[in-house]
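**Q** Once you've had a glance at the structure underneath, I'll fire off some questions.
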Amino acid sequence: MRKYLVAGNWKMNGSRDSAARLINDIIQGLEPRPEAEVLVCPPFVHLAEVNRLLKGSSVALGAQDVCAENNGAYTGEVSGAMLLDCECRYVIVGHSERRALYGETDPMVARKFMTAQKAGLIPILCVGETLADRERGETHVVVTRQLKAVLDAAGAGAFAQAVVAYEPVWAIGTGHTATPEQAQEVHAFIRSLIRTADVKIGDATRLLYGGSVKAANAAELFRMPDVDGGLVGGASLEAREFLAICAAAG
Ligand code: PGA
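Heads up, the sequence shown is in the numbering used here, so the first residue is 15 and it goes up one at a time.
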């Protein structure tokens, strides 16, 4: 009953030309299937053009971040309303790179989540532990803290219109993918946390795995019962690789 979601996080890569080529190649190669939704999240400055090019296709558009404020004197920021105006449907919030490199805290991520929803976007909330956290045996502690910050602020009902991405920091961009069993274990735990707040919403929330997903490991990850798709970084920059990951969903 949960529809797979395969999301490409292009991060800070590409030019107007390469972004156009990439989206065109994805659209041309994609075989739309009802059981899987495909999403691309280009850099802000490429959103409008990518949106123009994906018109009429089944590919959805998303952004990589959003401001926690609605509008006004916030130099350099981009609001949820602006993203909606660019026809984004989704926005990533709390990516580990934002948390680690730009000081985003749990309360800040919770505000971004709520601001995005209020603007009409579906937030993709990223959570995940570092290698040190895992080695200390604190994976559940960290994921609980990150998820509860949003659950408590926004309420379980908010997860009816949200996606959670489990992205172990040690797996992002490293080539060290979590095993399907490791991913499943944390996904089941995340689902249990949401179910504790609301059983129906917990069962319906899509949980994506992210961290060195590629064509070679996507199918075994997506086969796990609580893995409902992937948030794909590096491998989403190559159309053929991304299309193979999309084909592995469902
Ligand atoms: P990766 O990135 O696929 O390059 O590991 C995933 C992400 O950061 O969303």
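By construction, the Cβ of each residue, glycine as well, lies at the ideal position given by its N, Cα and C atoms. These numbers come from a predicted model, not from an experiment.
Quick check: the segment 180-198 against the segment 94-114, are there 3 or more CB pairs under 8 Å?
**A** At 8 Å Cβ cutoff, the stretches touch.
**Q** According to the Cβ coordinates, are VAL73 and LEU98 closer than 9 Å?
**A** Here residue 73 is taken as the residue at index 59 of the sequence shown, counted from 1. Here residue 98 is taken as the residue at index 84 of the sequence shown, counted from 1. Not closer than 9 Å, so no.
**Q** Assign GLU63 to one of three DSSP states: helix, strand, or coil.
**A** One-based indexing of the sequence shown puts residue 63 at position 49. It is helical.
**Q** First and last residue of the alpha helix (DSSP H) that includes ILE204?
**A** On the sequence shown, residue 204 is found 190 positions in, with the first residue counted as 1. Looking at the DSSP string, the run of the alpha helix (DSSP H) that includes ILE204 is 194-211.
**Q** Quick check: the Cα distance between ALA192 and TYR180, rounded to an integer number of angstroms?
**A** Position 178 of the sequence shown, counting from 1, holds the residue named residue 192. Position 166 of the sequence shown, counting from 1, holds the residue named residue 180. Straight-line Cα distance between these residues: approximately 10 Å.
**Q** In whole angstroms, give me the CA-to-CA distance for GLY43 and LYS25.
**A** Along the sequence shown, one-based indexing puts residue 43 at 29. Along the sequence shown, one-based indexing puts residue 25 at 11. Taking the straight line joining both Cα atoms gives about 22 Å.
**Q** What is the DSSP secondary structure of CYS260, reduced to helix, strand or coil?
**A** As a working mapping, residue 260 is identified with position 246 in the sequence shown. Of the three classes helix, strand and coil, the one that applies to CYS260 here is helix, per DSSP.
**Q** Alpha carbon to alpha carbon, how far is ALA233 from ALA263?
**A** As a working mapping, residue 233 is identified with position 219 in the sequence shown. As a working mapping, residue 263 is identified with position 249 in the sequence shown. Rounded to the nearest angstrom, the two C-alpha atoms are 7 Å apart.
**Q** Any heavy atom of the ligand MG closer than 8 Å to the CB of SER29?
**A** Among the ligands in the structure shown, the ligand MG does not appear; only the ligand PGA can be found there.
**Q** Is it the case that the Cβ atoms of ALA172 and PHE127 are separated by a distance below 9 Å?
**A** As a working mapping, residue 172 is identified with position 158 in the sequence shown. As a working mapping, residue 127 is identified with position 113 in the sequence shown. Yes, they are a contact pair.
**Q** With DSSP run on the structure shown, which of helix, strand or coil describes LEU135?
**A** In the sequence shown, the residue the question calls residue 135 occupies position 121. Looking at LEU135 - three-state DSSP - the assignment turns out to be coil, as it is neither helix nor strand.
**Q** Please report the straight-line C-alpha distance between MET122 and GLY248, rounded to a whole angstrom.
**A** Within the sequence shown, the letter at position 108 stands for residue 122. Within the sequence shown, the letter at position 234 stands for residue 248. C-alpha separation (whole angstroms): 26 Å.
**Q** State the Cα-Cα distance for the pair MET15 and ALA95, rounded to the nearest angstrom.
**A** For this step, residue 15 is matched to residue 1 along the sequence shown. For this step, residue 95 is matched to residue 81 along the sequence shown. Cα to Cα, MET15 sits roughly 30 Å from ALA95.
**Q** Excluding sequence positions up to five away, which residues of its chain have a Cβ less than 7 Å from the Cβ of LEU257?
**A** As a first step, residue 257 must be located in the sequence shown, where it is residue number 243. For LEU257, where only same-chain residues beyond five positions count, the Cβ hits under 7 Å are ILE40, GLY43 and LEU44.
**Q** Would you kindly work out how many angstroms separate the C-alpha atoms of GLN175 and PRO137, rounded to a whole number?
**A** By 1-based counting over the sequence shown, the position of residue 175 is 161. By 1-based counting over the sequence shown, the position of residue 137 is 123. Answer to the nearest angstrom: the Cα atoms are 8 Å apart.
**Q** State the start and end residues of the unbroken alpha helix (DSSP H) segment that holds GLY43.
**A** For this step, residue 43 is matched to residue 29 along the sequence shown. Segment 30-43, the alpha helix (DSSP H) holding GLY43.
**Q** Look at LEU19 and ARG220 and say whether their C-beta atoms are less than 9 Å apart.
**A** Along the sequence shown, read from residue 1 onward, the residue named residue 19 stands at position 5. Along the sequence shown, read from residue 1 onward, the residue named residue 220 stands at position 206. Cβ atoms of LEU19 and ARG220: closer than 9 Å.
**Q** When the Cα atoms are used, what is the spatial distance from ALA100 to GLU91?
**A** Your numbering for residue 100 matches position 86 in the sequence shown. Your numbering for residue 91 matches position 77 in the sequence shown. The amino acid occupying residue 100 in the given sequence is Cys; Ala does not appear at that position. Cα to Cα, CYS100 sits roughly 15 Å from GLU91.
**Q** Pop quiz: GLN201 and VAL241 are said to be a contact at Cβ under 8 Å. What is the actual Cβ separation, rounded to whole angstroms?
**A** Taking the sequence shown and counting its residues from 1, one reaches residue 201 at position 187. Taking the sequence shown and counting its residues from 1, one reaches residue 241 at position 227. Here residue 201 is His; the residue named in the question, Gln, does not match the sequence. The Cβ separation is near 6 Å, so the contact holds.
**Q** Where does the unbroken beta strand (DSSP E) through GLU51 begin, and where does it stop?
**A** Residue mapping note: residue 51 aligns to position 37 of the sequence shown, counting from 1. Note, GLU51: beta strand (DSSP E), 50-55.
**Q** DSSP has TYR18 in a bridge; who is on the other side?
**A** The residue given as residue 18 occupies position 4 in the sequence shown. Per DSSP, ALA50.
**Q** Pull up the distance between the alpha-carbon of VAL211 and that of HIS60, whole angstroms please.
**A** As a first step, residue 211 is located in the sequence shown; it is residue number 197 there, counting from the start. As a first step, residue 60 is located in the sequence shown; it is residue number 46 there, counting from the start. It should be pointed out that residue 211 corresponds to Ala in this sequence rather than to Val. Going by the C-alpha atoms only, they are around 38 Å apart.
**Q** Roughly how many whole angstroms lie between the Cα atoms of ASN85 and ALA261?
**A** Here residue 85 refers to the residue found at position 71 of the sequence shown. Here residue 261 refers to the residue found at position 247 of the sequence shown. For ASN85 and ALA261, the distance between alpha carbons rounds to 39 Å.
**Q** Return yes when at least one heavy atom of the ligand PGA lies under 8 Å from the C-beta of LEU207, else no.
**A** Sequence index remark: in the sequence shown, residue 207 carries index 193 (1-based). Checking the Cβ of LEU207 against the ligand PGA gives no.
**Q** What residue from VAL177, ARG113 and VAL105 has the CA that sits closest to LEU75's CA?
**A** Mapped onto the sequence shown, residue 75 falls at position 61. The shortest Cα separation from LEU75 among VAL177, ARG113 and VAL105 belongs to VAL105.
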